[in-house]
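Structure, as C-alpha cells:
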Amino acid sequence: MMYDYRGKVFGMILAGVGLVLLVVQKFTGFTVSPKYDSAQHFNILLFATIMGLITVMYSKEKMEDERVQAVRTKSLLYAFLMTAGAPLAFAMTMSLQPDSAIESEVLTRADIIDQARLLMFYPALGMVLYLIMFHVGLYFDAVWDYEDEAWSPKTILQHRRNKLLVVVVSIVVLLLMVLLIR
Amino acid sequence: MKNTIKVERAKLGISQTQLAESVGVSKQTIHSIESGRFVPSTVLALKIARFFKVKVEEVFELEQSDLDGK
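Encoded structure:
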C-alpha cells in the first residue's frame, strides 16, 4: 500500500510548494478563482499541503529495510497518541467548564458540549479502526503484516474473508459510535 | 543480544556501507545492529552470517537479559 521512493519526492514537492503558497496567501490574501473567497483559497492550499505530507507518509524510503519499518511503526504509534491526546484533553476541558465560562452570544452550552463530543469522535474513530485492523491482522490473517502486497487486488481476493471481516466490523462499530454521539 | 559484526568486518577489511549493500540494508541499519540498538530479523541475521561465511551463532549471541525475557 505504499508508494515507492518517487512518491516521497513528489509529496515533498507538493507539500513544500503548498506551504510556501499558504504563507504567501496568509499575508497577501491572494485569490486565483473568483468563485472562492480568500479563506476558501487558504483551505484549498492547506488541503494540498496535507495531501503532500500524506503522500510522503505513505512512500517508501530509498532503502526500505526492516529497521525503517520498525522506526515507522513506532513513530506512527507515538504520533497518533499525541494526535488523539491533544483534542481529547481539549474537548474534556471544554466539556467540564462551568456555564459562565463557556457560553457566548453565538454558541450555547449545548453547542459547545456537542462540539467537544465531535472533537473526541475523530481520534476515537482512528483508534478503533487501528484496534480492529491490528487484532484481525494478529489473530486471523498472518499475511497481513508480512506481505508488502497485503492490499493488492490479488491478495484481497485470496484473503477476502479477513478483509471483509475488517470492513464489516469497522462499519458496524462506526455506526454504533455515530449513534452513541448523536 | 551481542554480536561480532565489527570484528568480522575487520577480518575482511570491509566498511559498514559495503556490508550493508551486500545484505540489502542501509548503512544505518548495520550501524544500529553493531551498536546493539537494533536486533535483526532471522533472515537478516542469516544473510549477514552467510556473507561472512560463518555460522549465525558465531556472529550473534544471546545475553542473559534476552533469556530472562527483559
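Those protein sequences? They're chains L and A, same order as listed. For the first sequence, this note's numbering begins at 343 and goes up steadily by one. For the second sequence, this note's numbering begins at -1 and goes up steadily by one. Ideal placement from N, C-alpha and C gives every residue a C-beta, glycine not left out.
Can you confirm whether residue i, when its beta carbon is compared against all beta carbons of chain A, has any partner nearer than 9 angstroms?
| i | result |
| --- | --- |
| valine 520 (chain L) | no |
| valine 529 (chain L) | Coverage of chain L is limited to positions 343 through 524, which leaves residue 529 (chain L) absent and any answer about it impossible. |
| methionine 405 (chain L) | yes |
| serine 351 (chain L) | First, the residue type needs correcting, since residue 351 (chain L) is valine and not serine in the sequence shown. It does not; no Cβ of chain A falls within 9 angstroms. |
| glutamate 410 (chain L) | Residue 410 (chain L) is actually valine in this sequence, not glutamate. Interface residue, yes. |
Provide the residue span of the alpha helix (DSSP H) that contains residue i, from first to last.
| i | result |
| --- | --- |
| valine 54 (chain A) | 54 to 57 |
| aspartate 64 (chain A) | 62 to 65 |
| valine 5 (chain A) | 3 to 10 |
| valine 21 (chain A) | 14 to 21 |
| valine 41 (chain A) | 40 to 50 |
| serine 30 (chain A) | 25 to 32 |
With hydrogens ignored, establish whether the beta-carbon of residue i is closer than 8 angstroms to any heavy atom of the ligand NAP.
| i | result |
| --- | --- |
| valine 398 (chain L) | Because no ligand of any kind appears in the structure shown, any question about the ligand NAP cannot be addressed here. |
Quick one: measure Cβ to Cβ for residue i and residue j, integer angstroms, because I've assumed they're closer than 8 angstroms.
| i | j | result |
| --- | --- | --- |
| aspartate 64 (chain A) | methionine -1 (chain A) | 6 angstroms |
| arginine 409 (chain L) | serine 30 (chain A) | 6 angstroms |
| alanine 43 (chain A) | valine 54 (chain A) | 5 angstroms |
| valine 349 (chain L) | glycine 394 (chain L) | The residue you asked about is not valine; residue 349 (chain L) is glycine in the sequence shown. Between glycine 394 (chain L) and glycine 349 (chain L) the Cβ distance is about 10 angstroms, and since that is not below 8 angstroms, they are no contact. |
| isoleucine 3 (chain A) | isoleucine 46 (chain A) | 7 angstroms |
Mind checking if residue i is an interface residue toward chain L, Cβ cutoff 9 angstroms exclusive?
| i | result |
| --- | --- |
| phenylalanine 36 (chain A) | yes |
| threonine 15 (chain A) | no |
| glycine 11 (chain A) | no |
| leucine 42 (chain A) | yes |
| threonine 27 (chain A) | yes |
| valine 54 (chain A) | no |
Exercise. Which runs of the alpha helix (DSSP H), 4 residues or longer, sit entirely within the region 421 to 464 of chain L?
Worked result: Under the rule that a run must span 4 or more residues, the alpha helix (DSSP H) segments found entirely inside the region 421 to 464 of chain L read 441 to 444.
Problem set entry | Within the region 370 to 424 of chain L, ranges of the alpha helix (DSSP H) (whole runs, at least 4 residues) | Look at the region 370 to 424 of chain L and you find these whole runs of alpha helix (DSSP H), each 4 residues long or longer: 380 to 399.
Exercise. How do the region 460 to 474 of chain L and the region 419 to 433 of chain L stand: do at least 3 beta-carbon pairs fall below 8 angstroms, yes or no?
Worked result: yes
Exercise. Do three or more CB pairs link the region 384 to 391 of chain L to the region 356 to 366 of chain L at distances below 8 angstroms?
Worked result: The region 384 to 391 of chain L is in contact with the region 356 to 366 of chain L.
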